[in-house]
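Engineer: Here it is, the structure in full.
Residue numbers (this note's numbering): 995 to 1274.
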């Protein structure tokens, strides 16, 4: 059975907008390949700033890998929590092993000391505003409610469809823009691996939101099965896997990313048509 990673904050407290460090380490069999989260991971409620790797140390107890993340939080919760995974590579996919949940208190920068104020008398005449006409106020509210209910009853289904269409279109534009940026970055020999990895993660998360299926946890084989075992898709995913896990790029890398992008576009069009066909 695989051991659990260890994670901990390197500070006793945090301040809003100030960097805080979190150390993640994992002792494992030297024969295993392990991967730590990068900048594409969701560190909520924290935001990623940078990470520092430390060289692997191996002794009789096994190999020890460790990373120190520099994070920042803009949340105001009095206690904030974080746990991170370590991915262990096997023959088919990666297994995610999570560290224990760690907490860190937020230090408030507000000065809550109260000051006593002396009371002063004031006998000047104060004019009061006219009182609200509550009966008329409630009649207007009832009329507005009835009118709104009537409009919703007559046009509610159409309004909901239009709103879902708009949300779908907006998310698709955002996906296309981000994916295209990573696709162009795949030609940069220094940043190719990072851009391909981010493009695949973005692609899986987008499909996951479109279809409600957990693509981010699927293996390459399981992903291909969702699309009638497309041979072209399988080759594209194996090409991107070779880049992400092996650091090997080829002239086919960009074409593989285009195949993923085009499949996402077809899936978007299909989901848009499903919304148009719905009556409510």
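Every residue gets a Cβ at the ideal spot worked out from N, C-alpha and C, and that includes glycine.
Answer yes or no: do residue 1028 and residue 1020 have a C-beta to C-beta separation smaller than 8 Å?
Structural biologist: Taking the chain shown and counting its residues from 1, one reaches residue 1028 at position 34. Taking the chain shown and counting its residues from 1, one reaches residue 1020 at position 26. Cβ distance < 8 Å, so residue 1028 and residue 1020 count as in contact.
Engineer: Hey, would you say residue 1222 sits closer than 8 Å to residue 1233, going by beta carbons?
Structural biologist: Here residue 1222 corresponds to residue number 228 of the chain shown, with the count starting at 1. Here residue 1233 corresponds to residue number 239 of the chain shown, with the count starting at 1. Contact: no.
Engineer: With 8 Å as the threshold, decide whether the Cβ of residue 1037 is near any Cβ in chain C.
Structural biologist: Absence of chain C from the displayed structure is noted, only one protein chain being present.
Engineer: So residue 1087 packs on residue 1217, CB below 8 Å; how close in whole Å?
Structural biologist: Here residue 1087 refers to the residue found at position 93 when the chain shown is read from its first residue. Here residue 1217 refers to the residue found at position 223 when the chain shown is read from its first residue. About 10 Å separates the two Cβ atoms, so there is no contact after all.
Engineer: Please look up how many angstroms separate the CB atoms of residue 1067 and residue 1039, rounded, as I've assumed it's under 8 Å.
Structural biologist: Along the chain shown, one-based indexing puts residue 1067 at 73. Along the chain shown, one-based indexing puts residue 1039 at 45. Yes, they are in contact, since the Cβ atoms of residue 1067 and residue 1039 sit about 6 Å apart, within 8 Å.
Engineer: Below 8 Å between beta carbons: does that hold for residue 1201 and residue 1247?
Structural biologist: Taking the first residue of the chain shown as 1, we reach residue 1201 at position 207. Taking the first residue of the chain shown as 1, we reach residue 1247 at position 253. Result no, Cβ atoms of residue 1201 and residue 1247 do not sit closer than 8 Å.
Engineer: Can you check DSSP and say which residues form a bridge with residue 1063?
Structural biologist: The residue given as residue 1063 occupies position 69 in the chain shown. Paired residues: 1016, 1045.
Engineer: If you run the structure through DSSP and keep just helix, strand and coil, what is residue 1230?
Structural biologist: One-based indexing of the chain shown puts residue 1230 at position 236. Residue 1230: helix per DSSP, three-state reduction.
Engineer: With DSSP run on the structure shown, which of helix, strand or coil describes residue 1090?
Structural biologist: In the chain shown, the residue the question calls residue 1090 occupies position 96. The answer is strand: DSSP assigns residue 1090 an E or B state.
Engineer: Hey, could you find the ends of the alpha helix (DSSP H) residue 1256 is sitting in?
Structural biologist: Working through the chain shown from its first residue, we reach residue 1256 at position 262. Here the alpha helix (DSSP H) through residue 1256 covers 1246-1271.
Engineer: So, are the CB atoms of residue 1023 and residue 1056 less than 8 Å apart?
Structural biologist: Start at 1 with the first residue of the chain shown, and residue 1023 comes out as number 29. Start at 1 with the first residue of the chain shown, and residue 1056 comes out as number 62. It is a contact, given that the beta carbons lie within the stated cut-off.
Engineer: Would you call the stretch 1180-1189 and the stretch 1148-1163 in contact, with 3 or more CB pairs under 8 Å?
Structural biologist: No: the two stretches stay apart, fewer than three of their Cβ pairs being nearer than 8 Å.
Engineer: How is the alpha helix (DSSP H) around residue 1002 delimited, first residue to last?
Structural biologist: Position 8 of the chain shown, counted from the start, is the residue given in the question as residue 1002. Counting along the chain, residue 1002 falls outside any alpha helix (DSSP H), though it belongs to the beta strand (DSSP E) covering 1000-1003.
Engineer: Label residue 1197 either buried or exposed according to how many other C-beta atoms from any shown protein chain fall within 10 Å of its C-beta, with 16 as the threshold for buried.
Structural biologist: Within the chain shown, residue 1197 is the residue found at index 203, counting from 1. Buried, because 16 or more other Cβ atoms sit within 10 Å of the Cβ of residue 1197.
Engineer: Since I believe residue 1177 is in contact with residue 1193 (beta carbons under 8 Å), could you give me their beta-carbon distance rounded to a whole number of angstroms?
Structural biologist: Here residue 1193 refers to the residue found at position 199 of the chain shown. Here residue 1177 refers to the residue found at position 183 of the chain shown. Going by Cβ atoms, the distance from residue 1193 to residue 1177 rounds to 6 Å, so yes, they are a contact pair.
Engineer: Using the C-alpha atoms, what's the distance from residue 1231 back to residue 1077?
Structural biologist: Position 83 of the chain shown, counting from 1, holds the residue named residue 1077. Position 237 of the chain shown, counting from 1, holds the residue named residue 1231. Taking the straight line from one Cα to the other gives about 29 Å.
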